[in-house]
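The structure appears below as structure tokens.
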Amino acid sequence: MKQQITLTLGSTDFLFNVTVQDHSDYIDAAARGSSITAASHNFTMRTIDASQKDEFKKLLDECPGAELQIAAALKSEFSPVLEITVKKSSS
Numbered sequence: 416m417k418q419q420i421t422l423t424l425g426s427t428d429f430l431f432n433v434t435v436q437d438h439s440d441y442i443d444a445a446a447r448g449s450s451i452t453a454a455s456h457n458f459t460m461r462t463i464d465a466s467q468k469d470e471f472k473k474l475l476d477e478c479p480g481a482e483l484q485i486a487a488a489l490k491s492e493f494s495p496v497l498e499i500t501v502k503k504s505s506s
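For the sequence shown, the working numbering assigns the number 416 to the initial residue and increments by one for each residue that follows.
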């Protein structure tokens, strides 16, 4: 499954192509305790549309920490929070 997600950053629309593998790699890197900033940077750079990679890299260089916010928005859109309820069994 691949999902195209468009985020407007400032006044520019950026297209990201997120796959299940990209999402899993991001979550795995964060869960292993590696740098969340590095995991976010890798996730966003892997998923940005190739035609916008240079412009996106420039944005990241000019806005320290932006990759964290962008990765969070991508993750939220790709994998929305489910409402989960655990039913207690009656003994």
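All C-beta atoms, glycine included, are put in the ideal place defined by N, C-alpha and C.
- For the pair residue 494 and residue 459, the Cα-to-Cα distance works out to about 15 angstroms.
- Under the three-state reduction of DSSP, residue 433 is assigned to strand.
- Taken through DSSP and simplified to helix, strand or coil, residue 417 comes out as strand.
- In this structure, the CA atom of residue 447 is about 11 angstroms from the CA atom of residue 440.
- If you keep only unbroken alpha helix (DSSP H) runs of at least 4 residues inside the segment 452 to 477, you get 468 to 477.
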